[in-house]
Every structure is written in structure tokens, then in C-alpha cells.
Amino acid sequence: MVELKFDVKKQNIQAFEDRYSQIECEGLALSKKDKVVGNIFSGIKRLVSKDGVRVANFEKRYEPFWHIKGKIELEYKRTKEYGFEVKPEVKSVRINGKVHDIKEGTNWCSLIGEDHCFEKIEKEMMVNASSGENVDYSKCLEFKTRHLKETEELMKGRNVVIPAKVKGAYIARQLIKELIKPIEADKIVQERATVTKMALYFRPVYAFELIDAKTGKKGILDVDALTGEVTKGNIIGKGLAEIFSEGDLFDIGTEFVTDFIPGTKATVMFVKRVREARRKKKAQLEENKRRVGGK
């Protein structure tokens with residue numbers, strides 16, 4: 003059975019500290035208005051004069067993402083055929099006191115051995131906790147964070163906190179399922195999956211509504227307060243209610259436990275499917291060997 007271990011903090015919520023201030027982000031938004039907003043302000047150059055476009059509204063929001071890391075450690079044994087070529091006159095070979103006959107019509111000495119194998123596979127996932135999409139947030143992880151006891155700590159002034167809609171247990175389950183791979187083995191000595199990190203991050207983003215004073219045309223730009231990247235955006239306008247509490251977001255729950263903890267019915271079914279895939283792979287390898295040997 004797969005042994006599951008959690009080597010993580012019970013509730014790890016982190017918020018990134020601004021690398022770019024509100025004023026700096028506003029300057030970045032105004033400097034990129036032509037390139038990012040496109041048809042709204044560009045085309046007629048006189049409409050985007052230095053005095054023509056201003057910030058009409060703004061908000062700061064915190065967007066959540068999960069960073070989860072895990073590994074699986076495997077120890078197993080398997081029987082495997084090894085061999086080497088011999089000269090035509092050789093009829094048998096003695097190795098460690100055991101005689102190995104050379105099959106008539108061949109010049110190949112075949113040996114059956116047992117491999118004792120160890121493998122360690124590591125994987126990480128970064129997922130937008132609101133949409134559930136896999137996104138590469140590795141650049142964000144380079145910046146400074148502070149620990150939060152609860153997300154309400156971010157709700158100050160005009161700050162908007164986007165609620166997490168995806169639980170950490172769901173991402174961890176997907177990660178572990180990807181780590182459990184079919185292997186060619188006659189005996190599994192140990193198979194241990196470990197979740198080594200499960201953290202919920204909130205990254206700061208400033209949204210600016212720009213307006214052209216002469217035409218009244220508007221456009222919205224988002225500025226990442228960590229990287230300074232400017233993209234088209236949308237102002238939320240108001241806070242959104244939490245879907246899950248902090249405790250629920252990090253709760254592993256009985257459903258997750260029964261998927262992997264040895265001795266449960268769900269574990270037996272899950273591991274049975276993995277083992278069946280391994281048996282099929284082994285059978286196919288043996289069939290291929292028979293075909294090669296029969297030629």
C-alpha cells in the first residue's frame with residue numbers, strides 16, 4: 003500500500019509584500035497605456051497626449067494561488083534477464099559455481115538476476131486558487147512574504163481579496179496521483195508519498211481605470227506589484243465573500259485520507275488500479291521478450 007505522509011505546516015498562508023508601490027504601479031500603467039489597451043487609446047496620437055489620459059479609479063486586490071510540492075520514494079525488486087555474447091565454440095559458462103548452458107544455435111549466455119531498485123521522484127504544482135488553472139508563479143516566489151493567520155488581515159482600505167475556490171487537498175491529491183506511476187516490479191518493498199509543502203499565497207495586483215479626458219473613452223490595466231508586469235484587466239469594484247474558511251482550505255478531510263491511507267476501502271481500489279497497470283506493463287514486457295527469443 004502507498005504510505006502517505008504530510009511534512010507540512012497545518013495552515014500556511016502567505017501574502018507577498020509590494021515590490022512596487024501604488025504610485026510606481028500607476029506610473030507603469032500610464033507608461034504602457036498605448037501598448038496594452040490598444041484600440042482604446044492608440045491610433046489617434048493626439049488622444050494620448052501627456053495631459054489627455056488620467057487615472058479615474060483604482061483598486062488593490064490580492065489574488066490567491068497554491069504552491070504544493072511532494073515526492074514519492076520507491077523501493078522494489080524485480081527479476082530481469084541479463085546476458086552477454088560468447089564465442090561460437092562455447093557450450094556453457096560457469097559463474098559463481100553455477101553452470102549456464104548456451105542454447106544451441108546461439109552465441110548468447112542468458113542470466114536471470116534480481117534488481118533491487120530505489121527511486122525518488124519529486125514534483126511541484128502551482129495553481130490559481132480561484133480558477134483552478136495551472137499557472138507558473140515561480141517568479142513570484144523570489145519575493146518577500148509575510149505569514150497570515152487569516153485573510154481578513156489583507157482587507158484594509160480599498161483592498162479586495164479574491165477568495166480561494168479550490169481546496170489544497172484537491173491539488174495535493176492530483177499531485178500524488180501523478181507521482182504514483184506504473185513500475186516494472188515483482189515486489190514492492192516500500193512506496194511512500196510525502197507532501198512536503200502546501201502553501202496558499204496571495205499576490206498583490208493594482209488595477210487602474212484610465213480615462214481620456216477629451217473623448218471619455220476608458221480602459222483598465224492591471225499592474226503586478228511584484229514583477230511590474232502590465233496587462234489588460236478588470237476592476238472588481240467590491241469585495242467577494244469567502245467560499246471556504248481558512249481551516250476548510252487546508253483540511254485534508256476523510257475523502258482524501260481514504261484515497262491513500264492503507265487499510266481503507268478506497269485505498270485498496272485506487273492502488274488496485276495502479277497495480278493492474280503495472281501488471282499489464284510487465285506482461286507486455288515478457289511478451290516482447292518471448293517474441294524476441296523466438297526469432
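In this note's numbering, the protein residues as written are 3 to 297. Here a beta-carbon is modelled for each residue, glycine too, at the ideal position from N, C-alpha and C.
Check, Outcome
"Integer-rounded CB distance, given that Asp-117 should sit under 8 Å from Arg-80", "5 Å"
"Whether Lys-35 touches Val-55 by CB criterion (7 Å)", "yes"
"Span separating the alpha-carbon of His-69 from that of Ala-201", "5 Å"
"Of the listed residues Lys-151, Ile-173, Ile-123 and Ser-112, nearest to Asn-136 (C-alpha basis)", "Ile-173"
"Supposed contact pair Ser-112 and Val-101 - C-beta distance, whole angstroms, cut 8 Å", "No, Val-101 and Ser-112 are not in contact; Cβ-Cβ is about 13 Å, not under 8 Å."
"Where Glu-19 sits in the DSSP three-state scheme", "coil"
"Lys-267 burial status per 10 Å Cβ neighbour count (16 or more: buried)", "Low confidence applies to Lys-267: its pLDDT is 42, below 50, so where it sits in the model is not reliable enough to give any reading."
"Element boundaries [beta strand (DSSP E), containing Ile-74]", "55-87"
"C-alpha gap between Gln-192 and Glu-180, whole angstroms", "18 Å"
"Reduced DSSP category for Ile-263 - H, G, I as helix; E, B as strand; rest coil", "For Ile-263, the predicted model reports a pLDDT of 48, less than 50, meaning its position is unreliable; a value from the coordinates is still stated below. In the structure shown, Ile-263 sits in coil (DSSP, three-state: anything other than H, G, I, E or B)."
"Ile-182 - containing alpha helix (DSSP H), residue span", "Looking at the DSSP string, Ile-182 is not in any alpha helix (DSSP H), and its letter there is neither H nor E."
"For Val-101: DSSP bridge partner residues", "Arg-96"
"Spatial neighbours of Arg-160 in its chain, beta-carbon cut-off 8 Å, leaving aside the 5 residues before and after", "Phe-60, Glu-61 and Lys-62"
"Contact test: Pro-90 Cβ vs the ligand ATP heavy atom, cutoff 6 Å", "The ligand ATP is not part of this structure, which contains no ligands at all."
"Between the CA atoms of Asn-236 and Ala-209 - distance to the nearest angstrom", "7 Å"
"Closest Cα partner of Lys-158 within the set Arg-21, Asp-9, Gly-29 and Tyr-64", "Tyr-64"
"Glu-152 versus Arg-194 - alpha carbon distance", "32 Å"
"Local conformation of Thr-198 per DSSP, three classes", "strand"
"contact_flag[the stretch 121-137, the stretch 214-221] where n(CB pairs < 8 Å) is 3 or more", "no"
"Those runs of the alpha helix (DSSP H) which lie wholly inside the stretch 127-184 and span at least 4 residues", "170-181"
"Range of the contiguous beta strand (DSSP E) that encloses Leu-223", "220-226"
"Ile-263 versus Ile-254: straight-line alpha-carbon distance, rounded", "The pLDDT assigned to Ile-263 is 48, lower than 50, so where the model puts this residue is not dependable, and the model offers no usable value."
"Rounded separation between Lys-203 and Gln-16 - CA only", "The amino acid occupying residue 203 in the given sequence is Tyr; Lys does not appear at that position. Cα-Cα distance, rounded: 5 Å."
"Unbroken beta strand (DSSP E) run spanning Phe-8, endpoints", "5-8"
"Delimiting residues of the beta strand (DSSP E) encompassing Thr-233", "232-234"
"Nonlocal neighbours in the same chain, by C-beta distance under 8 Å from Ala-31, ignoring five residues either side", "Val-57, Tyr-208, Phe-210, Leu-212, Leu-223, Val-225 and Val-232"
"Own chain, CB closer than 7 Å to Tyr-78, minus 5 neighbours either side, in chain order", "Cys-119, Ile-185, Ala-187, Lys-189, Ile-190 and Val-191"
"Own chain partners of Gly-85 with C-beta closer than 7 Å, once the 5 adjacent residues on each side are dropped", "Trp-110, Cys-111, Ser-112 and Leu-113"
"Own chain, CB closer than 8 Å to Lys-89, minus 5 neighbours either side, in chain order", "Asn-109"
"First through last residue of the alpha helix (DSSP H) which encompasses Ile-25", "24-33"
"Gly-249 in three-state terms, based on DSSP", "helix"
"Among Gly-249, Leu-228, Gly-115 and Asn-130, nearest to Tyr-22 - alpha-carbon criterion", "Leu-228"
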